[in-house]
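Worksheet: the structure to be examined is printed underneath.
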Amino acid sequence: MIGILDSGLGGLSVLREIHRLMPQHSFLYIADSAWCPYGAKSYDQIHTRVTTLVDHLIQHGAELIVIACNSATIACVEYLRANYLIPIVGMEPGVKPASQITTNGKVGVFATEASLAGAKFHRLLNTHAQDIEVITQPCPDFVTLVESGTLTGPAVEAAIQQYITPMIDADTIVLGCTHYPFLKNTIAQLYPDKHLIDTGTAVAKQVQRKLPTTQRITAPPQQLFLTTGSATHASQLLPQLCPEFSAHQFSTLSENT
Ligand code: DGL
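Going by our numbering, the sequence shown opens with residue 407, and the numbers climb by one from there.
Here is the structure:
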């Protein structure tokens, strides 16, 4: 079973890519919605939440874990890889592909505050962005909008216009948080000339490479959704965010089990 976690529903943008590539694999997705957003939390707080959820996923049989959250990866993926035996696949803002695609040498990065402050993010810039100009922008409203199922309309457009202003000259924009791909269509409609980069597909390929060959395949695959927040709210949004799972429901994660 593949274990996947995020601060909320954003990681579903990664899950849908994993499912597209490996539809026969079972998964358990945990949305830590009671603690969302991670982007404004300290690394200690994120670390505590993520290790709790990783333990939970392992207890439920996860053989590989996807940290479908840039903020959580930046806060603690190194700790997780050093302390857990199973493969841990993380996310990072797609600065590398953006640096290869830009033609004017200007790249914007939308990400959370926690991601942009991380040493791991600064190492990423040093490695892949030496020769380009990078403009960064935290976008907390994007997370709030996606968590409320607002993917189009005036509030989304106003947030996009505000956040894009500092990077209006960039020809390439990195969607460096797993919530943001759900706004990709609206961003593309407003700014059709910009390249928009997200790394969900690359992460899905990495999951395929890292899956233990002993991974058990059950037919039909188990597809489970848990949340630390409101299961009713998350279940209502699931068909909108991932129509392929519209017949599924979230259940409440009890942290004592
Ligand atoms: N989806 C998360 C990320 O990729 C974080 C959103 C948040 O909780 O602030 O960084």
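Think of the CB as a built atom: it goes at the ideal place given N, C-alpha and C, for glycine as much as any other residue.
For residue i, is the beta carbon positioned less than 6 Å from some heavy atom of the ligand DGL?
i: Thr584; result: yes
i: Ser419; result: no
i: His549; result: Position check: residue 549 holds Val in this sequence, whereas His was assumed. Checking every heavy atom of the ligand DGL against the Cβ of Val549, one is found closer than 6 Å.
i: Asp412; result: yes
i: Cys442; result: yes
i: Thr518; result: yes
i: Gly416; result: yes
i: Ser554; result: no
i: Leu475; result: Checking the displayed sequence, the identity of residue 475 turns out to be Cys instead of Leu. At least one heavy atom of the ligand DGL is nearer than 6 Å to the Cβ of Cys475, so yes.
i: Gly445; result: yes
Would you kindly report the start and end of the unbroken beta strand (DSSP E) that includes residue i?
i: His606; result: Rather than His, the amino acid found at residue 606 in this sequence is Gly. No beta strand (DSSP E) contains Gly606, which is instead part of the alpha helix (DSSP H) from 606-616.
i: Pro503; result: Unbroken run through Pro503 is the alpha helix (DSSP H), 501-507; no beta strand (DSSP E).
i: Lys512; result: 512-517
i: Pro544; result: 539-544
i: Ile471; result: 470-473
i: Phe656; result: 656-658
i: Thr633; result: 629-633
Measuring CB to CB, does residue i end up less than 7 Å from residue j?
i: Gln543; j: Pro499; result: no
i: Ile579; j: Gly514; result: yes
i: Gly409; j: Leu434; result: yes
i: Ser419; j: Cys442; result: no
i: Phe527; j: Tyr586; result: no
i: Ile376; j: Ser521; result: No answer is possible for residue 376: it lies beyond the span of the chain, which begins at 407 and ends at 663.
i: Ala653; j: Ala437; result: no
i: Glu539; j: Lys512; result: yes
i: Gly445; j: Ile473; result: no
i: Lys611; j: Leu602; result: no
i: Leu459; j: Leu531; result: no
So, helix, strand or coil for residue i, using DSSP?
i: Thr663; result: Summary for Thr663: the model assigns pLDDT 46, below 50, so the residue's position carries little reliability, and this model does not support an answer.
i: Tyr569; result: helix
i: Thr638; result: helix
i: Asp438; result: coil
i: Ile492; result: coil
i: His601; result: strand
i: Gly445; result: coil
i: Ile410; result: strand
Which two residues bound the contiguous alpha helix (DSSP H) that contains residue i?
i: Ile593; result: 590-596
i: Ile623; result: Premise fails: Ile623 is in no alpha helix (DSSP H) and is neither H nor E.
i: Leu459; result: 449-465
i: Thr578; result: Premise fails: Thr578 lies in the beta strand (DSSP E), 578-581, not in any alpha helix (DSSP H).
i: Leu421; result: 418-427
i: Ala535; result: Run containing Ala535: none; DSSP gives neither H nor E here.
Since I believe residue j is in contact with residue i (beta carbons under 8 Å), could you give me their beta-carbon distance rounded to a whole number of angstroms?
i: Ile494; j: Glu469; result: Going by Cβ atoms, the distance from Ile494 to Glu469 rounds to 11 Å, so no, they are not a contact pair.
i: Gly606; j: Asn476; result: Actually they are not in contact, since the Cβ atoms of Gly606 and Asn476 sit about 11 Å apart, beyond 8 Å.
i: Ser432; j: Gln646; result: 24 Å between Cβ atoms; not a contact.
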